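Residue numbers (our numbering), protein chains in the order written: chain A, 1 to 967; chain B, 968 to 1137; chain C, 1138 to 1583; chain D, 1584 to 1972.
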């Protein structure tokens, strides 16, 4: 009987030609069955012929760059008015299906954050506007343009004011278009606001340096980092870039036994705070005073003049000492939207001589430009505007006291929204001119001084939409299409700044291909003007209960509230999905007899469930923004509570309230968390050490590894992996827990969304998770994190017990799942000590043989969202176990590629989705049989251990111990 | 005359009847009783049944084929690394081997029993007396080649040993 | 030398052979009472509810159950093990007690075996429906297919397939071999033509020939010899489902014998529950005497104590081993969120059966009935404790979860109770509940 | 029956043979002391002490079980296990002698302060408690065994029925205590040799070995008595029954061995597997010989009904099992106590022969103290009149 090889194993040693020579013979039983089966199947298929009426038109001439089933990557840019990322868009068979970071960009450095990762689903958001609308009725562009231009002209004639409201705009061409628009309609004002404003920082810098900018922070250069309510690893300004920098000086190895020290001063437990070596917990009201005290301490030590400030409760001398010791190697950042605080911080950095070292004013970040004052003015003069254009923004939702705006929109003659999806604002306006998704649009960006990038459409407009810029061009009466416009703009504005090695055509092509152009802008550091002498500190009094409002890592400002991927992504700290909550401290909960899930009423206005959060400031409640959307698709609607309306608008928008009242209601509201137990129970799960101990002994904290290796024995011979032996190393010291890997993994592998109800029942499907444990004092705990995915054990307890052999081991050391074979006994999952296997409890994907039992609370199986599925990964049916596959499809793709190119695979060529997107470079995948691979080198580190290694499961994931910089 | 049968209502009289018939060299065709009578097989001179051997053979076949099949599947038909266990995972094969042995043995003996005894769904065996499954004992003699005289003698033998009734059958 | 009369008679009432036949036969031709119909209705509707719940589960998905990412098996496998355990008494009684020449078994073995078969049917249902892809359940059989894939002979669940099906078939055959002579009796006494025909078919042409009887005895004895290790193997293999794993609280070597004695313990309890009802409603007091009940109670003390020793051994070893996970698992059982389940188990299985050391209680029908139900509850909780409390907090605290059954799961369990009792009620109506022929061999009045 | 009152006569000839055996044992001991390390000598002493003590214990178990279950078949041979159980006090003396060599056998005694895993077990594994436990087992075992023996002896001159009822009570107490104590005894004297290792089944596994080897001992003693011309009343059915017990408890032993091994093999956790790795790698021959002697050979022979009814075949199998159990015990003790793999030679075998001498002396002596037949036992008749199918 002919024998087909089933694995590379059985093939090794066989004559290659012989394998190819095998012929299919008719007499073979198996072939008979095959043919018989085919006959039977075709009978069924043919009998259903009348259904197969899809229209498929083949290419007459195949486009050069498109090979069916082979992905193309297009460089583009992501900017949502808040955060910037240079990206690559994976387009397969005409559909963008995945976003990766662009390696060429110094901002993203190949990484992304979870919002960028997930933003691709917004392209396929089923709630998107499909047509322009007038007063809520469908219309067409021709009609709507005529009407709008008419009205604009009328307003112009009447000399009425027109406002274009937008978030920060970093597109040079768009800016120019708005300028053109202004030329056409001179009464136009462009008002910029940021939902999460940093106006205070910008203004402080203006005062200190004469330039309203965000300086270029260099976390990698700092030995001591002090973050004051600045979640720079999670949400603040440019978290991906900062994480990349931060981790550089956090990673340790046998060759580099130093790391920076990170002190975080904050009220709520932020992602950044949870990574700090030391956390100082303050109430928001204490912050400015603390900064002032710190300033005084440093000034005093340096013989400079102090400012008048009352003594603060927290002793800052140690902190000041540490900073002084690391003069010009330290960095103090503050995330509070308060000019005075920011001025003080600037002065501290100045005293510490950090400017030019860890902070540069060159190449300033431009992603946030909003001026609180502009918006305050606009809101107070609403009546004077005859026309308002909402340029991809939603102030009715994300600006405080928006009732005024709501009423005024109704009374304004001309209101236009350029939103892609229905939101609170666009539902009120007269004209909805739906914009393209950014993946359907041309655009250019200038995220940093000297850095330019392009965005190119990766798919034709799915609906009858038009990008904002085109609308403005049209209304301004400019005939150019936007691409031409950008090109011209670049030719005249940007190209001249380059060294002009290429002619413009080549420059343009190269820029488009690379996605980014980075030009060295050298200018001298601006002079620092310290005028603290006149500063008068805010009169903050510590109260019984304060409120801190923060930006959540996953949902951000709330723009992506309808993105179920982001909603289901657990919060990096609390692990809560599908909700925001009022974080309260353990002591407060005890005092007030509150438990997680109890609903409280704050200031008699909002009701919100509490979450007992270790490390929370005792008298402060923290609540995330971005929830409580009312006009949004199903996934975001009525999820959580909106706290934008609690923000106080004084000179600056204040994201903390000095005094609030609260009362406990009788209601409860279940919060869906993915992790219900926070303590490691003294187990040897995350191993850690301190840098001092590490310097003495690189094995410190990991002594047990050697002990266990000594007893490493087996009743049977271990399998030898002769070709590749895939493995992964996870550096627990690098991982910040930002969750981007989880998002990327879910997107890459078609992990279904199950919705809050199912998460509550512990039915979430994520293939990887980031375990977070607290240790020590519950009021100020230490936090450890550990990404856990399938450990690909070489002696896997799960494989043994599968009755049908649906899960088994590949010849390259991968624990593989044959979904087709799986009958869903869940035995493997029970027997997995890591609990990384996930079961398809329902038919999440519309792939079940039985009809009418779809479980898809968030419409992921509708025709449109389905487009985002990765065709290289099987969609799993109901009743099937699934789990991390080491992105087997990527391994196969690269192996095939190398084979076609007739070369050996290179180390680092294969990157699983989690590794590729990790901003912390915490994950390294590779071949253990290649002794020079990065993963092999990491395996050599004395910090390497395996999770539950005493069980002798022989995992293929190695963890490197966490090192803290504390004594 | 083909058969003579004697009817008893006591186990003891049955046993003595059978004994005396055998002492007189009269061939007993069969005895029917409502329950297995202790010592009857000795009295009738029945040989031990070979049925346990069927079970033994069945069990051996079951065990060998069970084990062989598993070994073939794991080492020849589709060798695959499962949990790092050896392909020839003998301890893992024991349970199935054991179950196969028991199953084959049980079916071998039961089927042999039914086959040998002409028992089976819908089988239509001759019933001498319906009370033989209740409280009567019946001794049936094969008398195809004996004459009336002898038959009378046999009848008296029956009656002597306490038979309630004696019947002739052609 | 004293006479053999030192042994008390096994059945009471000084029965003649005919009396026995009448006592067993009469209920079969008698019109069933209202109570029987009422029972059948209740059991039938329970079964129907269960079937609806099963269909719903297969159609909608296992998500209808309370199991989750951490606790993959909840009520389904708890019920499976519970039913399999109950299904051990019958074959234990007919096989092991036969080998040990415990003649008192003859009065109870028929109904105990029937119970075994019905319990195994109920048990076998759960592994089938707990599969996510019930419709592809046939994958677990090693049949030749075009892809040339076979099953995984390393998997205890696969061993289960072989063990449970072998056990079911052998028990069925064993039971039926014993039934054939009694069915012959019924056939011969049946007056209605139609019924006679049916019993004729069922009785396989039994005549009562001495040769048949000789073979019958040999076959029974050999089957008993085969079934005895088979009984041990079945629950042993069920215990392997847990013991082969690496989960603390599951992986312990004592499981095989401990599960077997637990199974016999619970099986006897269920036999008692049923027989105490049956002897009352069917007037079988002479056959199932207080002596029988006392003997069964003694086996209950024995097996219950073995189970108790096993609990203690596990507890001690959890500490002695020095494995932190193991120790935690046991502390968590006793004091964790499922402490109540653990203490129900302890009270019902270890502490309360010790009351049977008192002869008075051992011979009290009412108390025995009460205890039989207590033990059934206790043994159900034992399986629940083993499955749920071990899984819900295993190695990584990040994955710790709680498990709560849903209505669907409860309905399925109630459904299997319905199926079980429906079968049993039909059995007592149409089949001889007492092994007549075997009882006849034990009486002296013949 | 005329020989109801027959007792055993312990003839000079037999005594001489037994003395020779004992002297072989002494010679082996002397040879051992001169040639081997104390570890090996104490290990061998432990092996034999425990082995024969538990045979005596198993005999009491036999008596107790049959009393409780109201069996009748065994009555004709009941005096043999009773006589065997009378070895217990002598076995106890050897156990007490063993106390002087504890630190040569149990490495936890000196490692308790260096080894955290052992230190964790100190509440259980400490010498005073260890000795206290031993004294408790021995005193309860011996006193209950004597009670049972006394009741049985008394029945010869009194009312058999009453004695039976009385013995049931003591048998029940013995069973409860035995079931608990033998498990803990096994942990103490056998499992703690490998102080790191643990297995919940171990106690029951040892128990199954105890039962099977006491059956073997009963058969062997019976064969000796038959050889000497006693016990002619033993029927083929009795032999068949004994063989069946040997056969089925052999299977039971195998079942427990397999359960323990398979579960450890399957999970493959080093903290458990090292026990078997050591034994398979270093004691390969004995490891597999153990299975052959205790299961495979007796199984294949005794599965045939004819063989089960022939005394010499059954006796041969009993001897095989007896040796098998010795090997099993050897595997429990020596790999744990010895640093290097020892060889089995004159010393090991001679010492066991010596123990056999003492053991048989004790058994035969006890047989002279009562009738060979428990003549007033109410079920005596039954044991002569039954048949095996």
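Glycine residues also receive a C-beta, built at the ideal position from the N, C-alpha and C atoms. Given the structure is predicted, the values throughout are model-derived calculations rather than measurements.
Counting along the chain, residue 1239 (chain C) sits inside no beta strand (DSSP E), nor does DSSP assign it H or E at all. Comparing C-alpha distances from residue 460 (chain A) to each of A:452, A:436, A:378, A:281 shows the shortest one belongs to A:436. Comparing alpha-carbon positions, the option among A:514, A:834, A:114 lying closest to residue 102 (chain A) turns out to be A:514. By DSSP's assignment, residue 672 (chain A) forms a beta bridge with A:577. Per DSSP, reduced to three states, the secondary structure at residue 868 (chain A) is coil, with no helix or strand assignment. In terms of Cβ geometry, residue 1102 (chain B) and residue 976 (chain B) form a close pair [threshold 8 Å]. For residue 77 (chain A), the pairing in a beta bridge is given by DSSP as A:86.
The segment 1178-1247 of chain C contains, as complete alpha helix (DSSP H) runs of 4+ residues, the segments 1212-1223 (chain order).
By the neighbour-count criterion, in which a residue is buried when 16 or more other Cβ atoms sit within 10 angstroms of its Cβ, residue 1175 (chain C) is exposed. Nearest to residue 1365 (chain C) by C-alpha distance, out of C:1351, C:1331, C:1232, is C:1232. At least one CB atom of chain A sits nearer than 8 Å to the CB of residue 1049 (chain B). DSSP places residue 279 (chain A) inside the beta strand (DSSP E), whose first and last residues are 278-281. Note on residue 774 (chain A): 16 or more other CB atoms within 10 angstroms of its CB, so buried under the neighbour-count rule. For residue 1434 (chain C), the enclosing alpha helix (DSSP H) covers residues 1427-1457.
Considering only A:834, A:517, A:587, A:544, the residue with the shortest C-alpha distance to residue 493 (chain A) is A:517. Sequence-distant partners of residue 847 (chain A) (beyond 5 residues in either direction) whose C-beta falls short of 8 Å from its own C-beta, in its chain, are 875, 876, 877, 878.
Looking at the DSSP output, residue 808 (chain A) shares a beta bridge with A:816. Taking a Cβ-Cβ threshold of 7 Å, none of the residues of chain A is close to residue 969 (chain B); the smallest such distance is about 56 Å. Distance from the Cα of residue 1867 (chain D) is smallest, within the candidate group D:1914, D:1885, D:1672, for D:1914. Judged by pairs of C-beta atoms under 8 Å, the segment 1715-1732 of chain D touches the segment 1756-1775 of chain D, as three or more such pairs exist. Residue burial annotation: residue 1014 (chain B) is exposed, with fewer than 16 other C-beta atoms found within 10 angstroms of its C-beta. Looking at the backbone, the Cα of residue 192 (chain A) and that of residue 392 (chain A) are separated by about 11 Å. Listed in chain order, the alpha helix (DSSP H) runs fully inside the segment 1311-1388 of chain C are 1330-1339, 1347-1380, counting runs of at least 4 residues. For residue 926 (chain A), the beta-bridge partners assigned by DSSP are A:727.
In the structure shown, the three-state DSSP call for residue 100 (chain A) is strand. Assignment of residue 1520 (chain C) by DSSP, reduced to helix, strand and coil, places it in the helix class. Look at the beta carbons and you see the segment 1375-1382 of chain C not touching the segment 1032-1040 of chain B: under three pairs across the two are nearer than 8 Å.
Take residue 400 (chain A), set aside five residues on each side of it, and the residues of its chain with a beta-carbon closer than 8 Å to its own are 644, 645, 646, 647, 648, 649, 653, in chain order.
Taking residue 292 (chain A) as reference, the option from A:537, A:395, A:187 with the minimal CA-CA separation is A:537.
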